[in-house]
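Chemist: Numbering (full-length UniProt numbering), first residue to last: 1 to 279.
Glycine included, C-beta positions come from ideal geometry on N, C-alpha and C.
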């Protein structure tokens, strides 16, 4: 498997790509090309072009959850596909894999949209929708986790805004749509996260269960440790330390204080736009 960072908050010296407070990864595994999240704008397309990555050849688009810094690039991807069609250039129709609630609009403080803003009907014209709360295997080794069980009390999620559930009721958005990818091998597993609203440790526990493997090679992505309490940082760091993880690559929604704190317990490695990881 190969992961390329198309969008992150962080950029790297002598790697002249642009960043934004968002996330998008390009993943290659088992002959399949996977876009994991689309960032906030069309920046992932610009960086992908410089990296000679062609979004017209995607097999899968996976959304970690609904928030704007992970889904609003969808508008620009649809524009890109439409423009290619006008030019009579080939475009794959990738499968869009996500939790059903990831496509449901989210309203913050009664007026502001912070979730996906494109309707299912529009998306169906460009993607084969695969909305699931269950595990979904993209390749023999790469799995979308679906809905993450919330088991650890210190990772209790506070609602951000409101959304409608499938019954049409307006409910506090506790981000049950937040999911992740896991690459499973005989040597261990690699966990790939968007924001980890469901809890980075909850995700890790579920990833181990799904892959039937307790050896964690790496965790790459957002850990959602922004202005986290010392108790939360300590509990998270101790959990990760006890799992004897080889490396972690926290990015996007993980602040400097959290990275410094985690580095006392784990091998925290650099990550930014243009980073590539091979497993």
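1) Which residue comes first and which comes last in the beta strand (DSSP E) that contains residue 143?
2) Under the three-state reduction of DSSP, which class applies to residue 236: helix, strand or coil?
3) Kindly indicate which residue of 212, 163, 51 and 200 has the alpha-carbon position closest to the one of residue 18.
4) Does DSSP put residue 122 in a helix, a strand or coil?
5) Which class does residue 70 belong to by DSSP, given the choice of helix, strand or coil?
6) Between which two residues does the beta strand (DSSP E) harbouring residue 60 extend?
7) Label residue 276 either buried or exposed according to how many other C-beta atoms from any shown protein chain fall within 10 Å of its C-beta, with 16 as the threshold for buried.
8) If we ignore side chains and look at the alpha-carbon of each, how far apart do residue 162 and residue 116 end up?
9) Counting only the same chain and skipping the five closest in sequence on each side, list residues whose C-beta sits under 8 Å from that of residue 187.
10) Where does residue 113 land, buried or exposed, given buried means 16+ other C-beta within 10 angstroms?
11) Please name the residue in 26, 87, 183 and 70 whose C-alpha comes closest to that of residue 57.
12) Which full runs of the alpha helix (DSSP H) of 4+ residues lie inside the region 194–255, going along the chain?
13) Classify residue 116 as helix, strand or coil using the three-state DSSP reduction.
14) Is the number of C-beta pairs between the region 128–140 and the region 74–82 that are closer than 8 Å three or more?
15) Would you mind reading off the limits of the alpha helix (DSSP H) that contains residue 56?
16) For residue 265 and residue 101, what's the separation of their Cα atoms in angstroms?
17) Pick out whichever of 53, 41, 94 and 85 has its Cα sitting closest to the Cα of residue 74.
Modeler: In brief:
1) One-based indexing of the chain shown puts residue 143 at position 143. Taken as a continuous stretch (DSSP letters only), the beta strand (DSSP E) holding residue 143 covers 142–144.
2) The residue you call residue 236 lines up with position 236 of the chain shown. Three-state DSSP puts residue 236 in a helix.
3) Here the question's residue 18 lines up with position 18 in the chain shown. Ranking 212, 163, 51 and 200 by Cα distance to residue 18 puts 51 first.
4) By 1-based counting over the chain shown, the position of residue 122 is 122. In this structure, residue 122 counts as helix in the three-state DSSP scheme.
5) Residue 70 sits at position 70 when you count from the first residue of the chain shown. Three-state result, residue 70: helix.
6) Reading the chain shown from its first residue, position 60 is the one you call residue 60. Note, residue 60: beta strand (DSSP E), 60–62.
7) The residue labelled residue 276 in the question sits at position 276 within the chain shown. By the 10 Å Cβ count, residue 276 comes out exposed.
8) For the purposes of this step, residue 162 is taken as the residue at position 162 of the chain shown. For the purposes of this step, residue 116 is taken as the residue at position 116 of the chain shown. Each residue's alpha carbon lies about 13 Å from the other.
9) What you label residue 187 is simply residue 187 of the chain shown in a count that begins at 1. Taken in chain order, the residues that qualify are 215 and 217.
10) The count along the chain shown starts at 1 and reaches residue 113 at position 113. Residue 113 is exposed by the Cβ-count criterion.
11) The count along the chain shown starts at 1 and reaches residue 57 at position 57. Closest option to residue 57, Cα to Cα, is 26.
12) 200–211 and 230–242
13) As a working mapping, residue 116 is identified with position 116 in the chain shown. Residue 116 falls in the coil class under three-state DSSP.
14) no
15) Looking up residue 56 in the chain shown gives position 56. From DSSP, residue 56 is part of no alpha helix (DSSP H); its letter is neither H nor E.
16) Against the chain shown, residue 265 aligns to sequence position 265. Against the chain shown, residue 101 aligns to sequence position 101. Computed Cα separation, rounded: 35 Å.
17) By 1-based counting over the chain shown, the position of residue 74 is 74. Comparing Cα-Cα distances from residue 74 to each of 53, 41, 94 and 85, the minimum goes to 41.
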